[in-house]
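Here the sequence shown is numbered in the UniProt record's numbering, starting from 1 and rising by one per residue.
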Amino acid sequence: MRLLTCGHCGQRVFFENVLCGACGHALGFAPDEMAMIAFDLPPAAPAIEAVAADSAPATVPPSAAGLPGQSDPASTATGAHPSPATAAPVPATEDETASAPGAALPPVWSRVGSDGPALRPCANYVNENVCNWMVAADDPNPLCRSCRTTHVIPALGKDDNRRYWFALEQAKRRLLYTLLCLGLPFPPKTEDPEHGLSFHFLEQVDPAQRVLTGHDHGLITLNIAEADDAHREAMRTSMHEPYRTLVGHFRHESGHYYWDRLIDGSPWLEECRALFGDDRADYGEALQHHYNEGPPADWSTRFVSSYATAHPWEDWAECWAHYLHFMDGLETAAAWGLKLETVTPGASPVIAQAPGVNDAAVGPALVERWLPVSQFINAMTRSLGLHDGYPFQMPPAVVAKLEFIHKVVRAAALGEVPMRFGADAPASTAEAPADNGAAGATADAGGGAIAVGNGAIAFSDGSPPTMHDTSRITLVGAAPPAGPGELPVNPDAPAGPTPQSPAPDEAADAPQPPAGTPAPLPV
Numbered sequence: 001m002r003l004l005t006c007g008h009c010g011q012r013v014f015f016e017n018v019l020c021g022a023c024g025h026a027l028g029f030a031p032d033e034m035a036m037i038a039f040d041l042p043p044a045a046p047a048i049e050a051v052a053a054d055s056a057p058a059t060v061p062p063s064a065a066g067l068p069g070q071s072d073p074a075s076t077a078t079g080a081h082p083s084p085a086t087a088a089p090v091p092a093t094e095d096e097t098a099s100a101p102g103a104a105l106p107p108v109w110s111r112v113g114s115d116g117p118a119l120r121p122c123a124n125y126v127n128e129n130v131c132n133w134m135v136a137a138d139d140p141n142p143l144c145r146s147c148r149t150t151h152v153i154p155a156l157g158k159d160d161n162r163r164y165w166f167a168l169e170q171a172k173r174r175l176l177y178t179l180l181c182l183g184l185p186f187p188p189k190t191e192d193p194e195h196g197l198s199f200h201f202l203e204q205v206d207p208a209q210r211v212l213t214g215h216d217h218g219l220i221t222l223n224i225a226e227a228d229d230a231h232r233e234a235m236r237t238s239m240h241e242p243y244r245t246l247v248g249h250f251r252h253e254s255g256h257y258y259w260d261r262l263i264d265g266s267p268w269l270e271e272c273r274a275l276f277g278d279d280r281a282d283y284g285e286a287l288q289h290h291y292n293e294g295p296p297a298d299w300s301t302r303f304v305s306s307y308a309t310a311h312p313w314e315d316w317a318e319c320w321a322h323y324l325h326f327m328d329g330l331e332t333a334a335a336w337g338l339k340l341e342t343v344t345p346g347a348s349p350v351i352a353q354a355p356g357v358n359d360a361a362v363g364p365a366l367v368e369r370w371l372p373v374s375q376f377i378n379a380m381t382r383s384l385g386l387h388d389g390y391p392f393q394m395p396p397a398v399v400a401k402l403e404f405i406h407k408v409v410r411a412a413a414l415g416e417v418p419m420r421f422g423a424d425a426p427a428s429t430a431e432a433p434a435d436n437g438a439a440g441a442t443a444d445a446g447g448g449a450i451a452v453g454n455g456a457i458a459f460s461d462g463s464p465p466t467m468h469d470t471s472r473i474t475l476v477g478a479a480p481p482a483g484p485g486e487l488p489v490n491p492d493a494p495a496g497p498t499p500q501s502p503a504p505d506e507a508a509d510a511p512q513p514p515a516g517t518p519a520p521l522p523v
């Protein structure tokens with residue numbers, strides 16, 4: 001990520017900040033400008049004042065103003081958004097929306113220190129304390145480009161759910177920042193119902209009714225338990241994964257979405273199959289084999305993770321996530337002027353360079369730039385007593401896959417090959433996945449349509465679905481909200497059983513269950 005500064009005083013600030021710790025001005029990230037803008041808040045705006053005061057330096061007790069507390073003094077000192085965990089509970093009902101359609105738009109904020117278009121804060125910034133992005137003043141949607149892709153959230157009246165929602169939105173904005181840098185569209189399903197992107201953040205409230213983390217035709221579902229650091233670390237440890245993060249989940253799942261948008265039915269498909277394998281292989285059988293037999297003995301010479309060996313779709317998604325890691329990580333290192341000494345006597349220092357989406361060839365060069373940076377990251381995290389920040393290797397076969405991904409992204413960004421969005425999207429020529437064994441769980445839902453109500457998924461005939469990432473199962477009743485900003489809440493009880501995947505992260509090596517163990521559903 002690039003360096004961000006306060007538009008008023010030039011102080012270095014961070015992507016999550018809502019307040020400049022030096023001059024005290026309110027901050028908001030403007031995605032159209034890719035910059036942090038400083039603002040003078042309008043007078044007599046209690047909700048907006050609450051956001052600013054809630055983000056004040058830790059020397060000002062939040063309780064003095066009757067505002068939510070902040071458990072991390074270091075983050076408040078730099079103006080980071082406060083954790084909303086202690087915010088006043090919002091009673092949750094099935095009709096609750098974070099920003100109801102037709103609601104009054106937040107007022108325009110007055111820019112200071114820079115010229116540019118008029119902006120107002122996202123409604124989830126001033127009303128919910130879970131965002132810090134800005135919206136063009138003439139945009140009728142109360143939500144920013146990130147928040148309008150979230151269509152289902154957990155019930156906010158429950159302990160910790162607001163904090164989990166906050167963490168998920170924060171990680172999602174990291175993903176979308178990188179997609180903006182790469183020129184990749186992510187229209188919400190409210191604007192492009194067929195090809196758009198939608199996030200459902202669901203709570204599992206009954207062990208018998210489990211929430212699946214995964215992707216299906218533009219719908220990315222995440223179990224909000226992944227936002228619980230203790231739970232996520234316990235999952236990482238139990239599955240012997242070297243890496244498991246919220247940002248990683250988002251990057252991996254976005255890989256499945258862009259496979260649909262960039263590869264499926266496109267001129268790239270055959271070349272993709274030559275590198276990643278034939279995606280027409282039965283997905284359910286492939287996953288069953290992976291969890292029964294484990295990865296090939298030589299997997300580390302051809303794949304970025306053992307999970308990538310399960311099916312070509314997973315290989316693509318794993319490599320896609322690493323591509324986003326590289327692009328964002330190298331931009332960060334270059335922005336900070338990272339200069340690393342080499343172990344070779346007389347060799348020139350390694351100066352971090354940010355790759356550009358327009359670079360013609362980035363595969364080997366990308367790895368050459370990333371390797372010393374990742375070694376430095378791992379050395380630093382070990383010095384702090386933490387796990388390696390990037391515990392992976394890049395064999396030549398993976399480098400070739402990364403180069404292909406960059407070639408596809410570059411061609412899409414330059415308009416050389418049309419992306420599959422809206423009315424311009426061609427009909428898919430890829431074969432639909434075969435039945436995975438559950439009644440009706442085929443590409444057209446077979447004998448039982450899927451009913452979707454308030455975030456829970458079940459076949460209408462009562463049988464549990466076997467869903468996987470790109471099954472193209474038709475979701476009955478899964479239409480996006482009718483108006484901008486409408487955000488249904490996951491109710492206390494799901495409407496039907498939804499199986500859950502252990503959700504390996506985008507580069508995680510899961511343990512292999514004994515032979516005969518049913519294959520968990522993937523992410």
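Quick reminder that beta carbons are idealized off the backbone N, C-alpha and C, glycines included.
Backbone CA spacing between residue i and residue j [nearest angstrom]
i: F392; j: G346; result: 28 Å
i: D160; j: P207; result: 18 Å
i: E416; j: T381; result: 41 Å
i: G255; j: F404; result: 14 Å
i: P355; j: H322; result: 14 Å
i: R145; j: S374; result: 31 Å
i: D40; j: R111; result: 6 Å
i: T190; j: P154; result: 20 Å
i: G277; j: Y307; result: 14 Å
i: A379; j: T309; result: 29 Å
i: V211; j: V152; result: 13 Å
i: A333; j: A317; result: 24 Å
i: L175; j: A227; result: 15 Å
i: G218; j: T342; result: 44 Å
i: L182; j: W370; result: 18 Å
i: R163; j: T344; result: 47 Å
i: P395; j: M36; result: 38 Å
Exposure label - residue i; buried when at least 16 CB within 10 Å
i: M34; result: exposed
i: M134; result: buried
i: I351; result: exposed
i: E331; result: buried
i: E270; result: exposed
i: L402; result: buried
i: D264; result: buried
i: E241; result: buried
i: K339; result: exposed
i: A397; result: exposed
i: A230; result: exposed
i: T301; result: exposed
i: G116; result: exposed
i: N124; result: buried
i: A26; result: buried
i: G10; result: exposed
i: G385; result: exposed
i: G337; result: exposed
i: D279; result: buried
Close-in-space but distant-in-sequence residues of the same chain around residue i (CB under 7 Å, 5 per side omitted)
i: T105; result: In the sequence on display, residue 105 carries Leu and not Thr. Once the five neighbours on either side are set aside, the close Cβ partners of L105 are R120, P142.
i: P372; result: L340, V350
i: V130; result: P84, N124, W165, F166, E169
Top-ranked residue by Cα proximity to residue i, from the options
i: V399; options: D228, A321, A411, L366; result: L366
i: F29; options: P372, A38, G10, A274; result: A38
i: H195; options: V343, Y257, V108; result: Y257
i: H387; options: L275, R236, D282, D279; result: R236
i: G363; options: D298, H406, E341; result: H406
i: A225; options: G113, H200, D216, H217; result: H200
i: L180; options: V247, G7, D328, R163; result: D328
i: G248; options: L262, T178, E293; result: T178
i: S114; options: K158, T5, D216; result: T5
i: V18; options: D216, V126, Q209; result: V126
i: Q204; options: L197, S238, P188, N223; result: N223
Same chain only: Cβ atoms within 6 Å of residue i, ignoring 5 sequence neighbours per side
i: L3; result: A335
i: F14; result: none
i: D315; result: F276, A308
i: P295; result: S306, T309
i: Q353; result: A334, R369
Nonlocal neighbours in the same chain, by C-beta distance under 8 Å from residue i, ignoring five residues either side
i: E233; result: R244
i: A286; result: A310, H311
request  = Quick one: which unbroken beta strand (DSSP E) runs of 3-plus residues sit fully inside the segment 131 to 178? Chain order, please.
outcome  = The segment 131 to 178 contains these whole beta strand (DSSP E) runs: 134 to 136, 150 to 154.
ask   = Considering only residues of the segment 255 to 341, which uninterrupted beta strand (DSSP E) runs meet the minimum length of 3 residues and lie entirely inside it, listed in chain order?
value = Runs found: none.
task = Could you tell me which uninterrupted beta strand (DSSP E) segments, each at least 3 residues in length, are contained entirely in the segment 187 to 249, listed from first to last along the chain?
result = Fully enclosed beta strand (DSSP E) runs of 3 or longer: 198 to 202, 214 to 216, 219 to 223.
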